[in-house]
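The block underneath contains the structure these notes are about, expressed in structure tokens.
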């Protein structure tokens with residue numbers, strides 16, 4: 001099989017992380033999310049992939065090139081205007097050459113046994129197999145109703161609470177026979193869940209659901225991004241964390257810092273520097289180049305090549321590249337600093353407050369609202 005990775009979305013709910021990066025390029029344990037997906041595909045013997053691009057495409061093409069560094073062959077398809085999920089995949093017809101394929105989203109992480117799922121797909125003689133997952137709250141997703149034999153009977157997209165009849169949701173991972181994408185009209189927006197699959201049901205095509213064991217998470221928001229970190233550090237989501245563990249649950253690229261209290265699990269990338277008296281963890285990720293000043297506390301947070309001043313308290317926050325906080329700053333749960341954002345001394349950011357790239361927070365400020373891009377009015381903090 002070949003793969004098609006849908007990588008063109010902007011990811012507005014992940015802002016300010018995605019203000020300067022496409023969603024699949026958000027860093028996670030030393031590599032972009034999209035790189036984790038390529039490694040997963042390669043482990044299952046899939047080495048040829050097409051990527052559909054839209055928002056900031058050069059960020060993806062410049063990083064991955066032809067894919068040879070990962071043992072992959074990559075082909076890119078840029079969409080001047082969005083074609084939808086099925087339309088984007090069908091636009092890769094020249095690459096696929098009529099072969100069977102797996103289609104997946106570039107912003108979801110999972111650890112399913114793809115090889116076993118492909119075998120079941122062929123055993124059922126399915127034209128399309130949707131990999132599905134059980135979610136405690138299925139309302140943000142599409143519901144999939146299937147019989148005991150796995151044959152799909154109906155879909156409900158993003159249901160209201162009163163419409164929930166199952167907790168089985170569509171993961172956006174599809175195994176398709178070579179003929180399926182031929183049904184997608186050329187050059188117009190077309191969606192798998194809203195257009196193609198309902199049409200297949202109407203015409204009694206062989207459409208199946210497969211619920212493999214494992215973990216799946218849609219990284220569509222800052223909340224789910226932080227949840228993904230927790231799942232991976234707990235070992236519930238099996239990713240390649242790459243770094244050695246000098247102590248159980250503590251991943252570190254170099255020698256452990258002195259005079260620092262480390263609470264597992266935590267992940268310390270290359271060229272990080274942590275001041276004396278700091279408390280790091282649990283569930284703290286310090287990506288390469290991060291500096292943390294003396295006596296600061298960082299827990300449940302992701303710090304990406306940024307600088308944290310002395311005596312800070314960072315809890316459940318995300319700090320992007322070149323963001324900077326001065327002394328005695330406090331960032332509360334689900335707050336986020338975009339690339340190059342600055343927070344002045346003794347400032348306090350409440351829960352879910354987001355600061356857009358290159359914006360500043362004055363010293364001593366107490367913020368309960370976002371600071372959006374220049375020229376926009378301040379917003380209330382958005383639900384993640």
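In our numbering, the protein residues as written are 1 to 384.
For each residue, glycine too, the CB sits at the ideal point set by N, CA and C.
Take the Cβ of residue i as the centre, count every other Cβ of all protein chains shown within 10 Å, and call the residue buried at 16 or more, exposed below.
| i | result |
| --- | --- |
| residue 224 | buried |
| residue 23 | buried |
| residue 53 | buried |
| residue 301 | buried |
| residue 58 | exposed |
| residue 122 | exposed |
| residue 312 | buried |
| residue 305 | buried |
| residue 126 | buried |
| residue 256 | exposed |
| residue 80 | exposed |
| residue 136 | exposed |
| residue 14 | buried |
| residue 12 | exposed |
| residue 380 | Because the pLDDT at residue 380 is just 48, under 50, the model does not fix this residue reliably, and the point stays unresolved. |
| residue 174 | buried |
| residue 113 | exposed |
| residue 258 | exposed |
| residue 157 | exposed |
| residue 373 | exposed |
| residue 18 | buried |
| residue 234 | exposed |
| residue 287 | buried |
| residue 154 | exposed |
| residue 139 | exposed |
| residue 318 | buried |
| residue 269 | buried |
| residue 97 | exposed |
| residue 170 | buried |
If I follow the unbroken beta strand (DSSP E) through residue i, where does it start and stop?
| i | result |
| --- | --- |
| residue 131 | 128–134 |
| residue 123 | Note, residue 123: premise wrong, no beta strand (DSSP E); alpha helix (DSSP H) at 114–123. |
| residue 155 | 152–157 |
| residue 108 | 108–110 |
| residue 202 | Element bounds for residue 202: not the beta strand (DSSP E) but the alpha helix (DSSP H), 197–202. |
| residue 284 | 284–286 |
| residue 315 | 313–315 |
| residue 146 | 142–146 |
| residue 299 | 297–299 |
| residue 104 | 101–105 |
| residue 268 | 266–268 |
| residue 250 | 250–252 |
Between residue i and chain B, is the shortest Cβ-Cβ distance under 8 angstroms, so that the two count as touching?
| i | result |
| --- | --- |
| residue 260 | No chain B appears in the structure shown, which is made up of a single protein chain. |
Where do the ends of the alpha helix (DSSP H) carrying residue i lie?
| i | result |
| --- | --- |
| residue 58 | 57–64 |
| residue 94 | 93–96 |
I think residue i touches residue j, with their Cβ atoms under 8 angstroms apart; what is that distance to the nearest whole Å?
| i | j | result |
| --- | --- | --- |
| residue 104 | residue 172 | 7 angstroms |
| residue 338 | residue 356 | 5 angstroms |
| residue 248 | residue 264 | 6 angstroms |
| residue 285 | residue 353 | Their Cβ separation, rounded to whole angstroms, is 20 angstroms, which puts residue 285 and residue 353 out of contact at 8 angstroms. |
| residue 42 | residue 72 | 6 angstroms |
| residue 27 | residue 336 | No, residue 27 and residue 336 are not in contact; Cβ-Cβ is about 13 angstroms, not under 8 angstroms. |
| residue 217 | residue 131 | Contact doesn't hold; Cβ gap of about 13 angstroms is too wide. |
| residue 359 | residue 347 | Their Cβ separation, rounded to whole angstroms, is 12 angstroms, which puts residue 359 and residue 347 out of contact at 8 angstroms. |
*Is the region 272–285 touching the region 294–307, taking contact as three or more C-beta pairs under 8 angstroms?*
yes
*Between the region 359–369 and the region 326–341, do three or more beta carbon pairs fall short of 8 angstroms?*
With three or more CB-CB distances shorter than 8 angstroms, the region 359–369 counts as touching the region 326–341.
_Measuring CB atoms only, is the region 206–218 touching the region 138–156, in the sense that at least three cross pairs come out at less than 8 angstroms?_
Yes, since at least three Cβ pairs between the region 206–218 and the region 138–156 fall closer than 8 angstroms, the two stretches touch.
*Is the region 74–89 close to the region 154–165, with three or more CB pairs under 8 angstroms?*
no
*Would you check if the region 224–243 and the region 19–35 touch, i.e. whether three or more CB-CB distances between them fall below 8 angstroms?*
yes
*asked:* Give the list of continuous alpha helix (DSSP H) stretches no shorter than 4 residues that lie fully inside the region 6–91.
replied: 33–43, 57–64 and 84–90
*Give a yes or no on contact between the region 39–53 and the region 4–13, applying the rule of three or more CB pairs nearer than 8 angstroms.*
yes
*Jot down the residue ranges of each uninterrupted alpha helix (DSSP H) in the region 171–236, minimum 4 residues, whole runs only, in chain order.*
197–202 and 222–234
*In chain order, which beta strand (DSSP E) runs of at least 3 residues are fully inside the region 292–369?*
Residue ranges of uninterrupted beta strand (DSSP E) with 3 or more members, entirely inside the region 292–369 and ordered along the chain, are 297–299 and 313–315.
*Any chance the region 176–184 sits against the region 66–76, with 3 or more Cβ pairs inside 8 angstroms?*
no
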